[in-house]
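Q:
2 protein chains.
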Amino acid sequence: MYAQQIAKIELPSQPSPFALLDGAMAQPVSFFPAGTEIYAQGEKAGPLYQVEFGAVRVYRLLADGRRQISAFHLAGETFGFEADATHHFFAEAIGATGIRVFRIASTADMSSQLLPLALKGLIRAQEHLLVLGRQNAIERVAAFLVDMAGRQGGLRQIELPMSRLDIGDYLGLTIETVSRVFTRLKDKSAIRLLGLRSIEILKQNMLLEMGG
Amino acid sequence: MYAQQIAKIELPSQPSPFALLDGAMAQPVSFFPAGTEIYAQGEKAGPLYQVEFGAVRVYRLLADGRRQISAFHLAGETFGFEADATHHFFAEAIGATGIRVFRIASTADMSSQLLPLALKGLIRAQEHLLVLGRQNAIERVAAFLVDMAGRQGGLRQIELPMSRLDIGDYLGLTIETVSRVFTRLKDKSAIRLLGLRSIEILKQNMLLEMGG
DNA sequence: CGCTGTGTTGATAAGCTTCAAGAGTGGTGG
DNA sequence: CCACCACTCTTGAAGCTTATCAACACAGCG
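If you read the sequences in order, they're chains A and B.
Note that full-length UniProt numbering has the first sequence beginning at 1, numbered continuously upward.
Note that full-length UniProt numbering has the second sequence beginning at 1, numbered continuously upward.
1. Output the distance between the C-alpha atoms of M110(A) and L119(A), rounded to the nearest integer angstrom.
2. With H, G and I counted as helix, E and B as strand and the rest as coil, what does DSSP make of S70(B)?
3. Looking at the secondary structure, which residues open and close the alpha helix (DSSP H) in which L193(A) lies?
4. Taking only beta carbons into account, state which residues of the region 74 to 97 of chain A come closer than 9 Å to chain B, listed in chain order.
5. Using a Cβ-Cβ distance under 8 Å, would Q50(A) count as near chain B?
6. To the nearest angstrom, how far is the alpha carbon of T36(B) from that of V51(B)?
7. Report the residues of the region 114 to 138 of chain A with a CB closer than 8 Å to any CB of chain B, ordered along the chain.
8. For E82(B), is the classification buried or exposed, using 16 other Cβ atoms within 10 angstroms of its Cβ as the cut-off for buried?
9. Name the residue from A93(A), R184(A), Y49(A) whose alpha carbon lies nearest to the alpha carbon of S163(A).
10. Below 8 Å between beta carbons: does that hold for P47(A) and I104(A)?
11. Beta carbon of F89(A), beta carbon of V56(A): below 8 Å?
12. So, at 7 Å on beta carbons, what are the nonlocal neighbours of I175(A) in its own chain, with the 5 sequence-adjacent residues on each side left out?
13. From F31(A) to L74(A), what distance separates their C-alpha atoms?
14. Just confirm the distance between the C-beta atoms of L207(B) and A137(B), as a whole number of angstroms; I'd bet it's less than 8 Å.
15. Counting only Cβ pairs nearer than 8 Å, list the residues of chain B close to L62(A).
16. Would you mind working out which of D147(B), S198(B), L114(B), A71(B) sits nearest G211(B), comparing C-alpha positions?
17. Could you tell me which residues DSSP pairs with T86(A) in its beta bridges?
18. Excluding sequence positions up to five away, which residues of its chain have a Cβ less than 6 Å from the Cβ of S70(A)?
19. Over the uninterrupted alpha helix (DSSP H) stretch that includes M148(A), give me the two end residues.
20. Counting contacts by CB-CB distance shorter than 8 Å, is T111(A) in contact with chain B?
21. So which residues on chain A does Q68(B) lean against when the C-beta distance must stay under 8 Å?
22. Below 8 Å, how does it come out for the region 149 to 160 of chain A and the region 193 to 208 of chain A: are there three or more Cβ pairs, yes or no?
23. Should I99(A) and L145(A) be called a contact, given that it needs their Cβ atoms to be closer than 8 Å?
24. On a Cα-Cα basis, can you pick out the residue from E43(B), Y170(B), D22(B) that is closest to R134(A)?
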């Protein structure tokens, strides 16, 4: 189920609406169907990746199949530098996703541009440690929704490109617990479920207080 | 209890036995008594720090006092770059600790040296996410012991500079659970407690299998 | 229009936390 | 040097949160 291989289809190259990396060779946008692998753990690391549309999950597996998603990447976000020589994680397209690949001549030349990205990722990861280590189920989901809302421009209505299973594997919860918490938040009128993957935030303050 | 301020005592400057950062202004070693603050959340970030002796905890707090330690730093390790403009975390000396401060002229100039450190930190943090999100108490403690052993040269006997409370706050467990797991590992003859802060690993394979 | 995958809800169980008491350790002062 | 004291750690009992197992509902798609 995880890390399946599907041929990539090249889309015609077009200007990215997002910030480009200076000095990097911008490749055409590659299309990844839902569930396809972008890179795998153990693979030689090289290029960076920028999401043009769709969403990506980066995760690690335990031997028995337990999965922890360490990050989601939405349109406009850059990923793939969580690697030294080889990748320590898997990256997969969640839904149909367009990704621009940046081939980097030398990591050293790009380091002044990469460092801020790496630091932002480090801060995000360490903040997520607080969520996983010290917050309960409802606090975790609240923090997740606040984060997703912020990354989608702070709008009341947010789109969740990922399944409940993905959310659970990101928050260290089971799919059932995620579902129950959504129901509880709905009962408290903190959120409204417009569709399975579409949520309206009704009481942002309540979520903020919960999420820390 | 956390983040208390105590005057620092300067030790005479001496060559560090550890790798230095090129182009950084090496300061004399500062001495931090047990429990003293090195930097605080919200403070302006600037220098980097290298542990000469002792150990450091880096953590975040929730409003109600729950604490998540995101990393321990032992002798020879560098920290303090988990910041953009201001620090997002607290750093404290665990026991009596000597720290060499590096004042960086410009982050950009140092970026090629800083990037590998940042990436290592990012990988460590994301691996710790797997522990907190998907492993149970005994697996967490096993992973912690394996990590500590590796960072102390892979010896059978390891010194734990931190309290059970610190270990609990690092692993997302209570002090009581940490203590019970230590007892269980002792009963399984996986470890032997030489003192409260000194442990001998008897069955490394068992710990490795548990820790993932 | 049925089928398949995803999500929800319910009942039960497991694991961890909480609350409480007691034991051990290390440091200090007599 | 020993005894006491404070603090940390360990152990026990009970409760709570979340996981697990199971059944059902719903949505999207061929």
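For every residue, glycine included, the Cβ atom is placed at its ideal position computed from N, Cα and C.
A: By the coordinates alone:
1. The alpha-carbon atoms of M110(A) and L119(A) are separated by roughly 14 Å.
2. In the structure shown, S70(B) sits in a strand (DSSP, three-state: E or B).
3. Per DSSP, L193(A) belongs to no alpha helix (DSSP H); it is in the beta strand (DSSP E), 191 to 195.
4. Listed by position, the residues of the region 74 to 97 of chain A near chain B (Cβ gap below 9 Å) are F81, E82, A83, D84, H88, F89.
5. No, no contact with chain B.
6. Computed Cα separation, rounded: 14 Å.
7. Along the region 114 to 138 of chain A, the positions whose C-beta sits under 8 Å from a C-beta of chain B are L114, L115, P116, A118, L119, K120, G121, L122, I123, A125, Q126, E127, H128, L129, L130, L132, G133, R134, Q135, read in chain order.
8. Buried: at least 16 other Cβ atoms inside 10 Å.
9. Nearest of A93(A), R184(A), Y49(A) to S163(A), Cα basis: A93(A).
10. Taking C-beta atoms as the reference points, P47(A) and I104(A) count as a pair closer than 8 Å.
11. Contact flag unset, no.
12. Here the set comprises R164, L165, G168.
13. Distance between F31(A) and L74(A), taken at the CA atoms: about 15 Å.
14. About 14 Å; that fails the 8 Å criterion.
15. Under the 8 Å cutoff, chain B gives L130, R134, Q135, G212.
16. The shortest Cα separation from G211(B) among D147(B), S198(B), L114(B), A71(B) belongs to D147(B).
17. T86(A) pairs with K44(A).
18. Closer than 6 Å at the Cβ level, and outside the excluded window around S70(A), lie V58.
19. Run containing M148(A): 137 to 151, per the alpha helix (DSSP H) assignment.
20. Contrary to the premise, residue 111(A) reads as Ser rather than Thr in this sequence. Judged by the 8 Å Cβ criterion, S111(A) is in contact with chain B.
21. Residues of chain A passing the Cβ test: L129, L130, G133, R134.
22. Contact between the region 149 to 160 of chain A and the region 193 to 208 of chain A is present, because at least three Cβ pairs lie under 8 Å.
23. Their beta carbons are not under 8 Å apart, which means I99(A) does not touch L145(A) by this criterion.
24. Comparing Cα-Cα distances from R134(A) to each of E43(B), Y170(B), D22(B), the minimum goes to Y170(B).
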